[in-house]
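Residue numbers (full-length UniProt numbering), protein chains in the order written: chain Y, 1 to 327; chain C, 1 to 675.
We put the CB at the ideal spot given by N, CA and C, even for glycine.
Reviewing the structure listed below.
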Amino acid sequence: MQSSTNTVRRSLRCGAAALAMAAASCVALSAVSAQESTDTITLTLHDWTGQLITTNIMGEVLKQAGYSIEYVQADYLAQFAGLETGDLDIAMEMWETTGREAMDAATATGKVENFGPTGMKAKEEWWYPEYMKAKCPGLPDWTALKEPACAEAFSIPETAPKGRYLGGPVTWGGFDDERVEALDLPFEVIHAGTDAALFAELESAYQREAPIMLWIYAPHWAPAKYKGEWVEFPEYTAECYSDPAWGSNPDMAYDCGKPFGEIWKVGWSGVKDKWPGAYQAVKAFTLDNDEMGSMITEVDLNGKSVDAVVADWMAANKDRWSGWIKK
Amino acid sequence: MASPDAHLSSPAAGPWSASHASRVPVVWGVVLIAFVGFWLYGRSLAGWAFDYPRGWTVPAARWISAAMKWLINDATFGLFSFTDMTRFISAIVELPYRLAQSLLSTGFLEGSGSSAVQILPPLPWLAVVGAVALMGHALGGRRLAALVSACFLFIAVFGQWSSAMTTLASILVAAPLGVILGLLCGVAAVRWRGFERALSPLLDLMQTIPVFAYLVPVLFLFGFGPTAAVIATLIYATPPMTRITILSLRAVPSEVIDLGNMVGCTRRQMTWRILVPTARESLMVGMNQVIMLSLNMVIIASMIGAGGLGFDVLAALRRLDFGAGLEAGLAIVALAIALDRLSQAAAHRLATPLKSDARKGFAARHPYLLAALATIGIASLLALVLPWVHTYPQSMQLSTGAFWSDVVAWINVNYFDTLEAAKNAVLLNILIPFKRLLATLPWLGVVGLLGFAGFRLGGLRLALLTAGLSFLIAATGQWEKAMITVYLCGISVIIASLIGIPIGIVTASRDRLWSVVQVIIDTLQTLPSFVYLMPAVMLFRVGDFTAMIAIVAFAVAPAIRYTVLGIRKVDPRLIEAGRAMGCTEWQLLTRIKLKLAFPEIMLGLNQTIMFALSMLVITALVGTRDLGQEVYIALTKADTGRGLVAGLAVAFIAIIADRLISAGAGRVRARLGLE
């Protein structure tokens with residue numbers, strides 16, 4: 001609200017100036033303010049390190065380009081309410097794998113725009129610690145899981161003789177119940193309610209070298225901290241999810257692994273007109289998985305602050321980010 | 001417990017129960033046998049009575065979503081739209097919030113965002129500590145001063161200062177608003193019966209609908225950011241204040257009211273000069289609850305943009321840094337304890353009228369105010385030269401580092417098997433059988449049984465209410481999830497009461513012990529459950545058992561608190577009289593104290609149920625499959641209708657439990673001759 005009054009005031013002042021001074025200077029002034037608003041751009045922060053890093057890099061780059069920016073903490077999915085009204089402007093990480101539905105719903109309103117991929121790819125799959133290979137030597141090939149002995153190695157008293165697979169929160173989707181049925185795996189799917197719970201269980205099992213099979217995603221610190229591997233399922237294709245005839249089970253879909261998904265940038269659709277330069281910069285932003293993985297490791301495992309890691313990246317990649325904000 | 005008296009005073013409760021008491025068990029027996037018979041043999045006859053047919057489901061979720069859409073996009077009062085109004089409210093709430101925020105954390109800024117220029121820095125930490133210490137000294141002497149400054153020092157030493165000030169700013173706005181709103185609603189409800197009747201179900205809904213259920217509409221209506229968080233906090237934290245206001249104003253002895261009438265009080269004088277001051281002590285419990293519940297919302301508020309300590313807790317636990325999570329969590333507790341003790345002391349202080357020294361000068365009348373201003377002034381000036389006065393030096397910060405993670409790891413490595421065995425015993429022998437039992441019950445039978453219980457305890461109106469609400473749960477297609485909810489919360493409430501009420505009895509008469517227990521339950525109530533939930537997941541895996549631990553830890557607080565409150569309120573002369581008549585300690589306890597404390601203990605049970613249900617949101621995070629999970633899923637899909645329908649189902653469960661307990665308690669009270 002304040003900002004709009006500012007704009008009004010500015011244009012009034014401009015009008016007054018036009019009367020007194022040469023018209024040309026005023027025209028030039030208003031041309032600038034019509035193009036680029038001086039209002040603050042808000043970027044949303046969520047609660048995982050990778051997203052904090054991405055957002056801070058974007059924020060720093062926008063600052064270098066002369067924009068005023070502000071970080072606002074917001075829930076990953078609840079933020080769409082703010083993005084639709086323009087209360088929030090940019091969200092830097094919207095994972096194909098977990099946020100697709102909410103994102104589609106929001107973009108369908110026309111008030112939210114997809115700013116393109118970040119260049120990072122979300123990898124999500126069944127994962128086990130390396131020490132489990134001794135108990136189930138056929139891994140990482142998924143067919144090894146069909147062996148009763150192997151499944152039992154992953155069991156706990158409640159699920160025995162079936163193995164226990166700790167899936168992500170129900171809200172992440174992922175079709176694991178369907179996958180277990182389609183591939184006829186002797187496993188029981190238990191859903192963790194949140195990813196903190198997921199990693200708490202992994203930490204617990206890893207400390208005791210106890211059996212565990214769970215949903216791990218990357219970019220994340222877990223694959224860097226814990227030694228282990230992803231199970232290799234038949235590779236995902238769109239037909240696998242939509243067409244029952246595809247794959248080893250002719251009667252059911254989902255007889256394959258999980259998709260490798262983009263991580264998208266999204267934002268309020270008004271950004272394009274209000275801050276065209278910032279809009280271009282956000283669209284141009286890219287990082288890759290390895291860069292992100294090493295930065296996350298620096299923060300979460302080596303105890304560096306997000307700011308320090310971001311500053312290092314900014315210093316090391318000046319050419320790249322100055323390209324994003326080139327006029 | 002909405003308003004016990006309103007629901008209890010149905011005429012059936014009194015003489016009826018006494019004269020027909022012997023027949024009651026027979027009727028109950030017949031109904032129960034019929035229920036069990038139907039449950040065992042009815043499935044083949046009427047399968048639809050067991051699994052609610054899909055085709056009959058009322059699409060309430062769709063209706064609510066549509067109504068919400070209309071409210072946001074089209075509703076208008078002519079001159080301005082509904083959204084304009086809510087945005088206006090949030091702009092008003094934002095003013096004091098910005099002020100508190102600038103003062104404590106960000107400093108006063110010109111402009112916005114990263115281009116803003118700081119005109120005035122925020123208060124130096126030393127000034128804040130000095131000011132609260134002076135406040136403590138003014139209100140409660142040296143001991144209180146030491147306590148509150150220790151709390152704030154703790155925050156500074158553990159490096160939580162700036163986050164804590166952000167959180168404090170939002171509490172400083174939300175808590176007074178909640179207290180004032182609650183008090184006004186309570187007074188209005190006491191004065192106008194009609195208002196109370198309208199308010200009572202609303203309060204139940206406000207307190208029992210999981211926060212996640214109304215988060216999405218609140219964000220839509222009030223905009224994104226801290227004010228939406230303040231408003232969500234208000235919705236959640238105000239009802240206990242209103243309830244306690246109603247209860248305590250009603251409990252003012254009639255002699256006092258008579259006195260007021262005799263000296264010719266107007267209604268306004270009667271309310272503000274007689275009733276409210278007399279009920280002061282109970283009102284303080286309400287204020288305490290508002291502060292505690294506001295701090296309770298810190299985690300959820302941080303999810304929608306409030307930042308502060310709640311955010312630190314979430315972020316720490318996501319990287320499994322238990323130590324950092326605990327430190328941020330304990331900083332919330334330290335804030336809670338400081339605010340709580342200060343507010344209690346303030347209340348006692350206001351209660352004892354000060355001698356007015358109108359003739360003395362300003363300085364003599366307000367020594368503390370001047371001292372506080374001087375402290376702030378000096379500290380602010382000093383801060384210009386000495387940076388450590390302004391910001392607590394980083395080199396002197398403490399951290400528990402990896403200590404807590406190591407402790408958990410040690411327990412995990414050494415005792416996991418023992419814990420697992422204990423957990424499995426509880427799970428297999430109690431939790432799972434109970435869950436299975438509830439899952440097989442026919443919905444029609446349960447609705448009938450609840451209706452019957454309502455009828456016996458409170459007459460036709462109650463019967464219609466309990467049967468109607470439980471039918472609505474089935475009709476919106478949530479029966480199965482509701483049963484899981486009942487199972488999880490039911491068991492947790494029983495355990496919490498079994499732990500809490502005896503502790504309350506033991507501590508009520510021991511001041512020293514009570515002050516220790518108070519710290520413990522304040523901690524339990526304000527320490528974000530996330531802090532202990534994740535270590536619990538490591539030791540007990542995800543699932544119902546971990547969820548139960550979290551619920552019990554949270555819900556035990558009101559069970560203890562209200563038991564103590566009730567027993568302490570018992571007139572000491574009655575206890576003396578009992579002693580003079582030669583009662584043993586046991587007789588004193590069972591015949592006098594517990595009997596007279598019964599209404600409060602029931603209020604405690606009621607609050608225990610409410611608290612347990614409010615934890616459903618959190619337990620959804622460890623993978624339960626109940627209504628809480630449904631609400632959580634709806635939140636993540638921003639599906640207003642689905643969330644509110646599931647949230648309402650939770651509220652209905654709470655209301656049914658509340659009304660039945662109230663009615664039952666009323667009958668017991670009548671039999672005991674308390675009314």
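Query                                                                                                                                                                                                        : Result
Tell me which residue opens and which closes the beta strand (DSSP E) that R164 of chain Y is part of.                                                                                                       : G163 to G167
Against chain C, which members of the region 274-291 of chain Y pass a CB distance test of less than 8 Å?                                                                                                    : none
Ignore the nearest five residues each way along the sequence and tell me which others in G451 of chain C's own chain have a CB closer than 7 Å to its CB.                                                    : A463, T466 and A467
Measuring alpha carbon to alpha carbon, tell me which of C:G604, C:T546 and C:P25 ends up nearest G500 of chain C.                                                                                           : C:G604
If we cut at 7 Å on Cβ distances, does D47 of chain Y have a partner in chain C?                                                                                                                             : yes
Based on the DSSP output, what are the partners of G42 of chain C in its beta bridges?                                                                                                                       : None, per the DSSP bridge assignment.
Can you tell me which of the three DSSP states W275 of chain Y falls into?                                                                                                                                   : coil
Would you identify the three-state DSSP class for S81 of chain C, choosing helix, strand or coil?                                                                                                            : strand
Whole angstroms are fine: how far does the CA of T166 of chain C sit from the CA of R671 of chain C?                                                                                                         : 52 Å
Counting only beta-carbon atoms, is R208 of chain Y nearer than 7 Å to chain C?                                                                                                                              : yes
If the cut is a Cβ gap below 7 Å, which residues of chain Y does N412 of chain C touch?                                                                                                                      : S204, Q207 and R208
Contact criterion: CB-CB distance below 7 Å. Does R319 of chain C meet it with respect to chain Y?                                                                                                           : yes
Take P502 of chain C as the anchor and find which of C:A559, C:Q118 and C:G628 has the nearest alpha-carbon.                                                                                                 : C:A559
Taking all protein chains shown into account, do 16 or more other C-beta atoms lie within 10 angstroms of the C-beta of L183 of chain C, making it buried, or fewer, making it exposed?                      : buried
Using the Cα positions of T227 of chain C and G167 of chain Y, report the straight-line distance between them to the nearest angstrom.                                                                       : 35 Å
Could you work out which residue in C:R250, C:A383, C:S44 and C:L428 is closest to W125 of chain C when comparing CA atoms only?                                                                             : C:A383
Which residue marks the beginning of the beta strand (DSSP E) containing A91 of chain Y, and which one marks its end?                                                                                        : I90 to W95
Could you check which residue in C:L441, C:R625, C:C489 and C:A345 has the C-alpha nearest to that of D51 of chain C?                                                                                        : C:L441
Please name the residue or residues paired with F108 of chain C in a DSSP beta bridge.                                                                                                                       : C:L120
Taking W264 of chain Y as the reference, give the member of Y:I190, Y:G277, Y:G86 and Y:D288 with the closest Cα.                                                                                            : Y:D288
Helix, strand or coil for F233 of chain Y per DSSP?                                                                                                                                                          : coil
Once you ignore the five residues that flank G186 of chain C on each side, which residues in its own chain have a CB closer than 6 Å to its CB?                                                              : T242, T245 and I246
Count Cβ pairs between the region 142-152 of chain C and the region 334-349 of chain C that sit closer than 8 Å; are there 3 or more?                                                                        : yes
Could you tell me which uninterrupted alpha helix (DSSP H) segments, each at least 4 residues in length, are contained entirely in the region 235-304 of chain Y, listed from first to last along the chain? : 238-242, 271-274, 276-284 and 289-300
Of all the alpha helix (DSSP H) runs that stay within the bounds of the region 47-101 of chain Y, which reach a length of 4 or more residues?                                                                : 49-64 and 79-85
Under 6 Å Cβ to Cβ from S25 of chain Y, same chain only, skipping five residues before and after it: list those, please.                                                                                     : Residue placement at S25 of chain Y cannot be trusted, given a pLDDT of 41 that sits under 50; the coordinates are not used to answer.
On the three-state DSSP scale, how would you describe W127 of chain Y?                                                                                                                                       : strand
Is the shortest distance between the beta-carbon of G307 of chain C and the beta-carbons of chain Y less than 7 Å?                                                                                           : yes
At a CB-CB cut-off below 8 Å, which residues of chain Y make contact with L219 of chain C?                                                                                                                   : A78, A81 and G82
Could you name the residues of chain C that P157 of chain Y contacts, counting a contact when the two beta carbons are closer than 7 Å?                                                                      : N424
If distances are taken between C-alpha atoms only, which option among Y:E93, Y:V112 and Y:L139 comes closest to G119 of chain Y?                                                                             : Y:E93
Excluding sequence positions up to five away, which residues of its chain have a Cβ less than 8 Å from the Cβ of R625 of chain C?                                                                            : K481 and I484
Does any residue of chain Y have a CB that is nearer than 7 Å to the CB of T485 of chain C?                                                                                                                  : no
What number of angstroms, rounded off, separates the C-alpha of E110 of chain C from the C-alpha of Y254 of chain Y?                                                                                         : 56 Å
Could you tell me if E255 of chain C is buried or exposed, where buried requires 16 or more neighbouring beta carbons within 10 angstroms of its beta carbon?                                                : exposed
Excluding five sequence neighbours on each side, which residues of the same chain lie with their C-beta closer than 8 Å to the C-beta of V306 of chain Y?                                                    : T49, L52, I53, N56 and V299
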